[in-house]
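Its first residue numbered 1243, the sequence shown is counted upward by one per residue in the working numbering.
Note that the Cβ used here is the ideal one computed from N, Cα and C, for glycine as well.
What you are looking at is a predicted structure, and each value in this text was computed from that prediction instead of being measured.
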Amino acid sequence: MKYLPLIALTVAISACAAQPPVGVQSVGQSQQPPAAVAQCIAHKWADSTQQQVVSQATLANDQAVDVYVPGQQPPGGAAAVVRPGNGTGSWVGFRSGGGGASSDATSSISACL
């Protein structure tokens, strides 16, 4: 019985970790690791706009990456949000930030899934 609170806390933390971040619209999942998906998104945006794209690792070893829409800057700009998926692969979402949601941005993200 003394382990019951620890088990309950572990279950609660696991449930929270599985939820998408607040304000992020789910775009899809990929079988590729987060770093590969983030790199694909950054290349697509940079090639299509001829502008610099900023990416920011949010977990060590690029296990979670935010890729900012060209012209947007951390921490509050519009970005693709790439996180580890359940099991293998990646979960990808889009945070509109201050720049508004762009269908071009989400279509580029979808092309990398």
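Any chain B beta carbon closer than 8 Å to residue i
i	result
V1279	This model lacks chain B altogether; it includes just one protein chain.
Contact under 8 Å by Cβ, residue i with residue j
i	j	result
Q1298	P1326	no
L1355	V1334	yes
I1283	S1332	no
Local conformation of residue i per DSSP, three classes
i	result
P1326	strand
A1320	coil
Q1314	coil
V1338	Looking at the sequence shown, residue 1338 is not Val but Ser. Three-state DSSP puts S1338 in coil, outside helix and strand.
V1266	strand
Other residues of its chain near residue i: CB distance less than 8 Å, five sequence neighbours each side excluded
i	result
P1312	W1287, A1288, T1291, Q1293, Q1294, V1295
Proximal residues to residue i (C-beta, below 7 Å), its chain only, five neighbours per side dropped
i	result
G1270	V1334, S1352, L1355
T1348	V1269, F1336
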